[in-house]
Each structure stands twice: as C-alpha cells, then as structure tokens.
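J.: Numbering (our numbering), first residue to last: 653 to 989. We put the beta carbon where it would ideally sit given N, CA and C, even for glycine. The structure presented is a predicted model; accordingly, all values stated were derived computationally and were not measured. Can you keep this structure in mind? I'll have questions shortly.
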C-alpha cells in the first residue's frame, strides 16, 4: 500500500514519504509547516478546521499523490505499561490485557482504545513468559485525530505512538540496547529500545517549554527572545558568558535525573544501556550531547532519522540541523502496512 507519514507536532507539522529499495529506503517527498496555536489539543471546531487546512496545504505542496496517511499520537497522551504474561492464545491475551488495563489505566476502559505489541519472550524462574507493551489511548484523541485527517481530505490507515515511530527511524534493528530521549516542546519521552523493539516507555512534563521559561526568568527576556537564545547558545559555557547554559542546567538536571532512573531500572534487569540517542527540538541545542554525556557517563548522540535512507539530492535539501525533527514522520513512512 502506498502511504505517507504525518507528524502533527505541538509547534510544527512534518510530512514524509519513502520507498524501499532492497535493504535501504529512498526519500520520495518531505515538508514541514508551523502548526496552529493549540494543535490537536484544541476542542474548538474552527481551530481543528484551521489545522486540517494546514495539513491539506502541506500535503499538496509536498507533491505527495496518495491520500493514505499514517500518523502518531503524542506519547504523553497515551498510557503505557510493560506486561508479563504466561504463554497464551490471542483471545486469552486480549482478556488478560483487559484485566491489566483495569488496574493501571486511569480512565474508564469505555473511554480508551487498547492496543498491544509483543516485545518478546523472557525466562522467569525457569518458566518462559511473554512480554507485551500495553497502550491505552483516549478515544476522544483518536477520534479527533481521524476527524482532522478526514477534514484534510486524507484517508487514515494507521495510528501508533510517536515513540514507536521514532525508534523505527532512529535505531536500526540490531542487538543494541539504546535509550531514546525525545525532548519535545511539552514533554520529554524516554524509551529503551532492545533489538529494535521498544521495551520501556516513560514521559515527563519537563521539556522545551520549561527550558525556554528558565532562560526567560534568568535573563529577564520575552518568550520569543528566550527561545532564540536557547536555540543559539544552548548549553555551551563559552557562549554569552555561559548565562544561557547556567539558566538551562537546573531544568536539564531534572531530565538527567529521570534518565538515570530509566538506566537503573534497566540495569536491575541485568542489562545495560549502550548509548543514548537524542531526538526532538531539544536535541538541537548546542552542546547538549556533551553535557548529557558528562552527566551520565554514557555515549550520547543526536539522532539521525535518515540513517537508513539513501543520501541523494532530495535528502540534501534538508539542513543537517533540521533532520532530527523528522524522526516521527520518517518512522511512520517506514512502517510496514
């Protein structure tokens, strides 16, 4: 089936289409556009119509012909949990997950859509069990997403979690154990990826907006100017006498603390993280990888969602500093449907 990936972000909307050539992908089309003020968080009909119009225009301008679209839900809006079960049939798994969801999902099950992905098999006390990633998305969010896509004249064929899309584009399926850290505008998502599969997901509401506020408070700047300073100077102690770096570090320390918890959780299972991959707008802050590597004593890299895509003249049109922003859109486009 021909389709494309669409990432409806908090501030920007990204679009991408790829085609597979043997073991590599080729970029067919891409594009980006600023989103509306509230994006999918708005309940206003006029806001949703405006969002649909932006998506419709972006689709047209990108030159993508198909109207089949795969999209993703923000990780901080989806409830997730790793579940361990004995070997069961598919129908038995469905029943067991319903029971598990009743224990852990903080919404009535009538108000969510449940889904799961098989992580793999694990041995516990000489018994072989299965591990699953249980996800529960609010029905209202799913229905609103589908509504906006249809208003844009598109045909939704797949909806998944953003972190699954990112893992697909940023981390090639191999034997590595990688911690994916996506620093978005409103939330920072952490995911442990093992052999290409997400085995741990966690979101915290400390991210880009909090970093911008910290600069604004420390330097007495307007929000727009603080955002510009944050992006220009980041955590570089040599820039602007280290004033921006000093402002950012207390907020980044909160993120570092949560990363350490995730690493410790994984180590308690007898495993270890080999490297950290950064994504999202926060990944573009100058010297953030150096700062995190020093704090965590781990290799830290800024993720490249085009690592599995052939370098050609079309891909060269995307500036290096913008590429990490396409993690979700490219991951969606690489999905097998």
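Report back the beta-carbon spacing between residue 931 and residue 979 to the nearest angstrom; my notes put them in contact at under 8 angstroms.
T.: Right, the Cβ-Cβ distance comes to about 5 angstroms (below 8 angstroms), so this counts as a contact.
J.: Is the region 711 to 729 close to the region 753 to 767, with three or more CB pairs under 8 angstroms?
T.: Contact between the region 711 to 729 and the region 753 to 767 is absent, because fewer than three Cβ pairs lie under 8 angstroms.
J.: For the beta strand (DSSP E) containing residue 834, list its first residue and its last residue.
T.: Looking at the DSSP string, the run of the beta strand (DSSP E) that includes residue 834 is 829 to 835.
J.: Just the Cα atoms here: how many angstroms apart are residue 749 and residue 923?
T.: The alpha-carbon atoms of residue 749 and residue 923 are separated by roughly 26 angstroms.
J.: CB-CB under 6 angstroms to residue 841, same chain, minus the five flanking residues each way: which ones, in chain order?
T.: Closer than 6 angstroms at the Cβ level, and outside the excluded window around residue 841, lie 727, 815, 834 and 855.
J.: Per DSSP, what are the beta-bridge partners of residue 772 in this structure?
T.: DSSP lists 783 as partners of residue 772.
J.: What would DSSP say about residue 953, mapped onto helix, strand or coil?
T.: The answer is strand: DSSP assigns residue 953 an E or B state.
J.: Counting Cβ pairs closer than 8 angstroms, one from the region 688 to 708 and one from the region 795 to 803, do we hit at least three?
T.: Touching, per the Cβ criterion.
J.: If distances are taken between C-alpha atoms only, which option among 874, 778 and 701 comes closest to residue 796?
T.: Taking only the C-alpha atoms, the option nearest residue 796 is 701.
J.: Here's a check: name, in chain order, each residue in its chain whose Cβ is nearer than 7 angstroms to the Cβ of residue 753, leaving out the five neighbours to either side.
T.: Correct list, in chain order: 761, 766, 786 and 788.
J.: Among the residues of its own chain, which have a CB less than 6 angstroms from the CB of residue 794, if the five just before and after it don't count?
T.: Cβ neighbours of residue 794 beyond the five flanking positions: 765.
J.: Does residue 992 pass the burial test, meaning 16 or more other C-beta atoms within 10 Å, or should it be called exposed?
T.: In the structure displayed, the chain extends from 653 to 989; residue 992 sits before or after that span and is not available.
J.: Which of helix, strand or coil does DSSP assign to residue 941?
T.: Three-state result, residue 941: helix.
J.: At the level of alpha carbons, what is the spacing between residue 964 and residue 751?
T.: Cα to Cα, residue 964 sits roughly 50 angstroms from residue 751.
J.: Residues in the same chain with beta-carbon distance under 8 angstroms from residue 953, minus the five sequence neighbours each way, listed in chain order, please.
T.: 927, 928, 929, 930 and 941.
J.: Would you give the residue range spanned by the alpha helix (DSSP H) that residue 907 belongs to?
T.: Element bounds for residue 907: 895 to 919.
J.: Pairing CB atoms from the region 717 to 724 with CB atoms from the region 655 to 662, are three or more of them under 8 angstroms?
T.: They touch, by the three-pair rule.
J.: Excluding the five sequence neighbours on either side, which residues of its own chain have a C-beta within less than 8 angstroms of the C-beta of residue 671, listed in chain order?
T.: Excluding sequence neighbours, residue 671 sits near 677, 678 and 680.
J.: For the region 818 to 825 against the region 974 to 989, are there 3 or more C-beta pairs whose distance is under 8 angstroms?
T.: Cβ pair count under 8 angstroms is three or more, so yes.
J.: Between residue 945 and the rest of its own chain, which residues show a CB-CB distance below 7 angstroms, the 5 nearest in sequence each way excluded?
T.: 951 and 952, listed in sequence order.
J.: Report yes or no: do three or more beta-carbon pairs, one from the region 862 to 869 and one from the region 897 to 904, lie closer than 8 angstroms?
T.: Contact between the region 862 to 869 and the region 897 to 904 is present, because at least three Cβ pairs lie under 8 angstroms.
J.: Assign residue 729 to one of three DSSP states: helix, strand, or coil.
T.: Residue 729: helix per DSSP, three-state reduction.
J.: Would you kindly report the start and end of the unbroken alpha helix (DSSP H) that includes residue 755?
T.: Taken as a continuous stretch (DSSP letters only), the alpha helix (DSSP H) holding residue 755 covers 742 to 756.
J.: On the DSSP letters alone, give me the boundaries of the alpha helix (DSSP H) that residue 703 sits inside.
T.: First-last of the alpha helix (DSSP H) with residue 703: 697 to 714.
J.: Considering Cα atoms alone, identify which of 734, 969, 774 and 933 is closest to residue 755.
T.: Of the candidates 734, 969, 774 and 933, the one whose C-alpha sits nearest the C-alpha of residue 755 is 734.
J.: Leaving out five residues before and five after residue 938 in sequence, what residues of the same chain have Cβ atoms less than 6 angstroms from its Cβ?
T.: 886 and 888.
J.: Mapping DSSP to helix, strand and coil, what is residue 879?
T.: Helix, per DSSP.
J.: May I ask which residues mark the beginning and end of the beta strand (DSSP E) holding residue 684?
T.: Start and end: 676 to 686.
J.: What is the DSSP secondary structure of residue 813, reduced to helix, strand or coil?
T.: In this structure, residue 813 counts as strand in the three-state DSSP scheme.
J.: Going by beta-carbon coordinates alone, are residue 859 and residue 839 separated by less than 8 angstroms?
T.: Cβ distance < 8 angstroms, so residue 859 and residue 839 count as in contact.
J.: Considering only their Cβ atoms, is the gap separating residue 791 from residue 828 smaller than 8 angstroms?
T.: Cβ distance not < 8 angstroms, so residue 828 and residue 791 don't count as in contact.
J.: Looking only at DSSP bridge pairs, what is residue 855 linked to?
T.: In the DSSP output, where bridge partners are listed per residue, residue 855 has 841.
J.: What residue from 699, 682 and 914 has the CA that sits closest to residue 617's CA?
T.: Look at the range of the chain in this structure, 653 to 989, and you will see that residue 617 is not part of it.
J.: Tell me which same chain residues have a C-beta within less than 8 angstroms of the C-beta of residue 960, skipping the five on either side of it?
T.: Contacts found: 676, 677, 821, 824 and 986.
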